[in-house]
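This report concerns only the one structure given below.
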Amino acid sequence: MKHLLLTLIAAVLLATTGFADPNLKDLDKPVPVHDLNATILHQLGIHHEQLTYRFQGRDYRLTDLAGNVVQDILA
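Final position of the sequence shown in our numbering is 94; the numbers increase by one with none missing.
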């Protein structure tokens, strides 16, 4: 369910801003997956650098160390 929600949000963000066709096949401006995740979390009101989960004694982030909010998608 959570994966479906994130996929739907990504499709809406990309399709309505002209970054991709409705089938998400041809990107005008490619966006790294970590940046896309950070942007989706930002739209959901979640700070992507504070969202962590513990695995084998280490805190991991969904956006790893490379995630940045893509302001061009939000404009």
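Just so you know, even glycine gets a beta-carbon here, dropped at the ideal spot from N, CA and C. Treat the numbers as computed from the prediction; the structure is a model and nothing was measured.
1) Quick one: what does DSSP say Thr82 is sitting in, helix, strand or coil?
2) Since Thr58 and Ile92 are thought to touch, with beta carbons under 8 Å apart, how far apart are those beta carbons, to the nearest angstrom?
3) Quickly, what does DSSP pair Thr71 with across the bridge? List them, please.
4) Check for me: the alpha helix (DSSP H) holding Asn56 runs from which residue to which?
5) Ends of the alpha helix (DSSP H) at Ile92?
Reading it off the structure:
1) Under the three-state reduction of DSSP output, Thr82 falls in the coil class, being neither helix nor strand.
2) About 6 Å; that satisfies the 8 Å criterion.
3) According to DSSP, which records beta bridges pairwise, Thr71 is partnered with Arg80.
4) Run containing Asn56: Val52 to Gln62, per the alpha helix (DSSP H) assignment.
5) Judged by DSSP secondary structure, Ile92 falls within the alpha helix (DSSP H) whose first and last residues are Gln90 to Leu93.
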